[in-house]
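A.B. asks: One structure, pasted below without further comment.
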Amino acid sequence: KLAERGQVYSSNKMNRFLSLVLVTLVLLLSNCSERSEYGKKSDYEKLGAVSTVTTVPTVSSVNPTDNSTYNYPATTVAATFSKKMATGSVTTNTNDTSCSGSYQLSSDNFTTCIKMSAAPVASDNDTTFTITPASSLSAVTTFKVKITTSVTDISCNTLGSDNSSIVGFSTSPSGSGTIKGSVKMDNGSALSSVSVALSIYGTTVATATSDSNGDFSQSSLGLGVYTLTYTKTNYLTVSQSDTLESDNQTLLVETMTQLPDSCSSGTISGKITDAVDGSNVSTVALSAYKGATFIKSSTTNDSGEYSFSDMDPGWYSVYSSKSGYIDEYFLAYSCGAQANQDSSISTTLPSGAMRIILRWPKTAPETAQDLDSYLYSPDGSGDWHKIYWNNLVQDYGADGTVTLDKDDKVSTGAPPGDETNTISKIRSGTYYYQVHNYTDDGGGGNSVTNLKNSKAMVKVYYNEGTCCTKKKYYIPNDNGTLWGVFTFNKDTGFTASDNITTDDP
Numbered sequence: 038k039l040a041e042r043g044q045v046y047s048s049n050k051m052n053r054f055l056s057l058v059l060v061t062l063v064l065l066l067s068n069c070s071e072r073s074e075y076g077k078k079s080d081y082e083k084l085g086a087v088s089t090v091t092t093v094p095t096v097s098s099v100n101p102t103d104n105s106t107y108n109y110p111a112t113t114v115a116a117t118f119s120k121k122m123a124t125g126s127v128t129t130n131t132n133d134t135s136c137s138g139s140y141q142l143s144s145d146n147f148t149t150c151i152k153m154s155a156a157p158v159a160s161d162n163d164t165t166f167t168i169t170p171a172s173s174l175s176a177v178t179t180f181k182v183k184i185t186t187s188v189t190d191i192s193c194n195t196l197g198s199d200n201s202s203i204v205g206f207s208t209s210p211s212g213s214g215t216i217k218g219s220v221k222m223d224n225g226s227a228l229s230s231v232s233v234a235l236s237i238y239g240t241t242v243a244t245a246t247s248d249s250n251g252d253f254s255q256s257s258l259g260l261g262v263y264t265l266t267y268t269k270t271n272y273l274t275v276s277q278s279d280t281l282e283s284d285n286q287t288l289l290v291e292t293m294t295q296l297p298d299s300c301s302s303g304t305i306s307g308k309i310t311d312a313v314d315g316s317n318v319s320t321v322a323l324s325a326y327k328g329a330t331f332i333k334s335s336t337t338n339d340s341g342e343y344s345f346s347d348m349d350p351g352w353y354s355v356y357s358s359k360s361g362y363i364d365e366y367f368l369a370y371s372c373g374a375q376a377n378q379d380s381s382i383s384t385t386l387p388s389g390a391m392r393i394i395l396r397w398p399k400t401a402p403e404t405a406q407d408l409d410s411y412l413y414s415p416d417g418s419g420d421w422h423k424i425y426w427n428n429l430v431q432d433y434g435a436d437g438t439v440t441l442d443k444d445d446k447v448s449t450g451a452p453p454g455d456e457t458n459t460i461s462k463i464r465s466g467t468y469y470y471q472v473h474n475y476t477d478d479g480g481g482g483n484s485v486t487n488l489k490n491s492k493a494m495v496k497v498y499y500n501e502g503t504c505c506t507k508k509k510y511y512i513p514n515d516n517g518t519l520w521g522v523f524t525f526n527k528d529t530g531f532t533a534s535d536n537i538t539t540d541d542p
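All you need for our numbering is the position in the sequence shown, starting with 1, plus 37.
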């Protein structure tokens with residue numbers, strides 16, 4: 038019996054010893070040790086221990102994504118891993134602007150790093166980690182994200198190498214403004230109860246509805262590039278994009294014509310001409326897009342004519358390109374066969390020059406026959422010279438010229454028509470630009486509504502020396518015969534006027 042008791046005692050002692058060994062091995066493994074007094078991992082396996090997983094984790098995604106724009110104010114950054122991570126290994130700097138921790142954000146290529154308000158917050162079963170800057174990220178700035186090799190998964194595997202942004206993401210400008218516009222039917226009548234969704238960088242931030250006049254407005258919008266999507270039962274959904282670019286700006290977008298969903302496919306055709314001399318421009322490369330999707334290409338012939346056949350009903354952005362000319366786009370639509378969808382393009386400009394192009398399409402019913410541009414150029418003594426159909430050139434000698442290059446009217450085939458001004462050298466002082474409905478100046482009939490229904494628009498190109506500024510201005514949905522379009526001063530830039538009156542120019 039004593040021998041049996043001794044054997045039992047010896048067996049229990051051995052069991053306790055083996056349990057202690059196994060617990061020790063597990064602890065060693067959980068602490069990511071590659072070697073110990075017991076040898077390599079293969080030796081653990083010989084003793085019956087389970088091997089750890091050796092697949093290394095990777096960074097699946099970072100939000101904001103590389104080469105994207107984050108709407109100001111930017112508040113969080115999130116990184117998602119391919120595996121469940123050890124939360125204690127994902128750290129960041131919360132005390133200062135040093136680049137410490139395994140999860141870093143920097144605007145100067147990691148010379149310094151953004152201070153965070155707290156440790157990274159884990160979610161999605163410890164695969165996603167979100168950091169929040171202690172202060173809002175600066176506007177109009179590029180930031181890069183770095184995840185270092187000190188992060189580990191729950192099996193103690195580390196990243197193969199530091200994961201760092203290639204380009205980084207940018208923040209939009211600070212400030213806010215208002216976007217307004219109008220919606221009409223294809224016969225020019227106002228279209229009410231249209232839902233207008235306003236999205237910025239892929240996120241819908243507001244929804245407006247057109248009123249009985251077809252007008253809508255949305256205030257308190259952050260700055261950046263917006264996509265406006267128009268929807269209404271029995272009408273084709275359509276989108277347009279524009280940029281709210283300065284604090285307190287009121288952006289008037291192009292009046293949108295919403296087509297009925299009964300429209301059929303057809304051919305889009307028209308002509309491309311030179312904005313200065315009106316000549317037909319051949320070999321212009323044209324690309325039609327619906328949203329961001331490329332649909333079809335075309336090239337103008339010797340007569341400047343183009344066509345896109347078998348186009349599904351709806352609106353398209355048509356981009357034009359030709360050597361020696363400024364790249365541009367115009368809108369065209371398909372609802373059966375639609376001809377006379379013309380556009381004009383401008384040659385490139387020398388440094389310091391500006392070109393202004395007024396253009397109006399042929400509408401049904403016809404609303405504008407002869408629109409005239411009026412450009413007021415500062416004379417250097419506090420007054421202005423008026424460049425219009427009765428004063429085509431103002432010569433300032435060494436300070437350049439201001440010209441009315443092209444004057445379209447009924448006798449020259451308008452509509453569609455365009456008028457073009459060129460300022461060879463921008464002078465000090467303020468320029469004023471207006472559009473007058475010459476045809477309806479005498480009053481009567483639809484004289485006060487024809488201008489707003491003309492779909493007139495103004496394009497401006499300005500070569501500042503370092504880049505070419507492009508601006509577009511669209512006719513407001515107001516009654517009158519004189520449209521105040523914009524003012525310009527080389528010190529303060531462009532200011533939209535966006536008013537229509539019955540005053541004389």
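Backbone N, C-alpha and C define an ideal beta-carbon position, used for all residues, glycine too.
(1) Can we count Lys446 as close to the ligand SAH, meaning its CB is less than 6 Å from some heavy atom?
(2) To the nearest angstrom, how far is the alpha carbon of Asp535 from that of Val485?
(3) Mapping the DSSP letters down to three states, classify Ala533 as helix, strand or coil.
(4) Mind checking which residues open and close the beta strand (DSSP E) that includes Gln431?
(5) Starting from the Cα of Thr476, find the closest Cα among Trp397, Ile460 and Lys446 and give me that residue.
(6) Can you name, in chain order, every residue of its own chain whose Cβ lies under 8 Å from the Cβ of Tyr362, other than the five neighbours on each side?
(7) Please state whether the Cβ-Cβ distance between Lys221 and Ser254 is less than 7 Å.
(8) Could you give the C-beta distance for Ser276 and Gly197, rounded to a whole number, given that I count them as a contact under 8 Å?
(9) How about Ile512 and Ala493: are their beta carbons less than 7 Å apart?
(10) Across which residues does DSSP place Arg464 in a beta bridge pair?
(11) If you count every other CB in all the chains shown that lies within 10 Å of the CB of Asp80, and 16 or more means buried, which is it?
(12) Can you name the residues that DSSP bridges to Ala234?
(13) Using 10 angstroms around the beta-carbon of Glu365, count the other beta-carbons present and answer buried if the total reaches 16, otherwise exposed.
(14) DSSP on Ala325, reduced to helix/strand/coil?
(15) Below 8 Å, can you find three or more Cβ-Cβ pairs linking the segment 93 to 111 to the segment 201 to 218?
(16) Between Leu368 and Ala115, what straight-line distance do the alpha-carbon atoms span, to the nearest angstrom?
(17) Helix, strand or coil for Thr287 per DSSP?
(18) By how many angstroms is the C-alpha of Ala234 removed from the C-alpha of Tyr353?
(19) Check whether the segment 115 to 129 and the segment 274 to 291 touch, using three or more Cβ-Cβ pairs below 8 Å as the test.
(20) Can you check DSSP and say which residues form a bridge with Cys505?
(21) Does the distance from the C-beta atom of Asp190 to that of Pro94 stay below 7 Å?
C.D. replies: Working from what's here:
(1) This structure simply doesn't include the ligand SAH, nor any ligand for that matter.
(2) Locating residue 535 in the sequence shown gives position 498, where the first residue counts as 1. Locating residue 485 in the sequence shown gives position 448, where the first residue counts as 1. Taken atom to atom, the span from the alpha-carbon of Asp535 to that of Val485 is near 16 Å.
(3) For the purposes of this step, residue 533 is taken as residue 496 along the sequence shown, with counting starting at 1. In the structure shown, Ala533 falls within a strand segment according to DSSP collapsed to helix, strand and coil.
(4) Within the sequence shown, numbered from 1, the residue matching residue 431 stands at position 394. Element bounds for Gln431: Val430 to Asp432.
(5) What you label residue 476 is simply residue 439 of the sequence shown in a count that begins at 1. Nearest Cα to Thr476 within the set Trp397, Ile460 and Lys446: Lys446.
(6) The residue labelled residue 362 in the question sits at position 325 within the sequence shown. So the qualifying residues of the chain are Val318, Val321, Ile382, Ser383, Thr384 and Thr385.
(7) Position 184 of the sequence shown holds residue 221. Position 217 of the sequence shown holds residue 254. By the CB criterion at 7 Å, Lys221 and Ser254 fall outside the cutoff.
(8) Along the sequence shown, read from residue 1 onward, the residue named residue 276 stands at position 239. Along the sequence shown, read from residue 1 onward, the residue named residue 197 stands at position 160. That belief does not hold up - the Cβ atoms of Ser276 and Gly197 are roughly 42 Å apart, past 8 Å.
(9) The count along the sequence shown starts at 1 and reaches residue 512 at position 475. The count along the sequence shown starts at 1 and reaches residue 493 at position 456. Using a Cβ distance threshold of 7 Å, Ile512 and Ala493 count as a contacting pair.
(10) Working through the sequence shown from its first residue, we reach residue 464 at position 427. Looking at the DSSP assignment, Arg464 forms no beta bridge with any residue, so it has no partner.
(11) Sequence index remark: in the sequence shown, residue 80 carries index 43 (1-based). The pLDDT assigned to Asp80 is 42, lower than 50, so where the model puts this residue is not dependable; a value taken from the coordinates is nonetheless given after this. Exposed: under 16 other Cβ atoms inside 10 Å.
(12) The residue given as residue 234 occupies position 197 in the sequence shown. Answer by DSSP bridge pairing, in chain order: Thr244 and Thr266.
(13) Position 328 of the sequence shown holds residue 365. Classification of Glu365: buried, given that the 10 Å Cβ count is 16 or more.
(14) Working through the sequence shown from its first residue, we reach residue 325 at position 288. Ala325 falls in the strand class under three-state DSSP.
(15) With a cut-off of 8 Å, the segment 201 to 218 and the segment 93 to 111 count as touching, because enough Cβ pairs lie within range.
(16) Indexing the sequence shown from 1 puts residue 368 at position 331. Indexing the sequence shown from 1 puts residue 115 at position 78. Straight-line Cα distance between these residues: approximately 38 Å.
(17) Here residue 287 is taken as the residue at index 250 of the sequence shown, counted from 1. In this structure, Thr287 counts as strand in the three-state DSSP scheme.
(18) The sequence position of residue 353 within the sequence shown is 316, counting from 1. The sequence position of residue 234 within the sequence shown is 197, counting from 1. Tyr353 and Ala234: Cα-Cα distance of roughly 19 Å.
(19) Contact between the segment 115 to 129 and the segment 274 to 291 is absent, because fewer than three Cβ pairs lie under 8 Å.
(20) What you label residue 505 is simply residue 468 of the sequence shown in a count that begins at 1. According to DSSP, residue pairing for Cys505 in a beta bridge involves Asn500.
(21) For this step, residue 190 is matched to residue 153 along the sequence shown. For this step, residue 94 is matched to residue 57 along the sequence shown. Closer than 7 Å, so yes.
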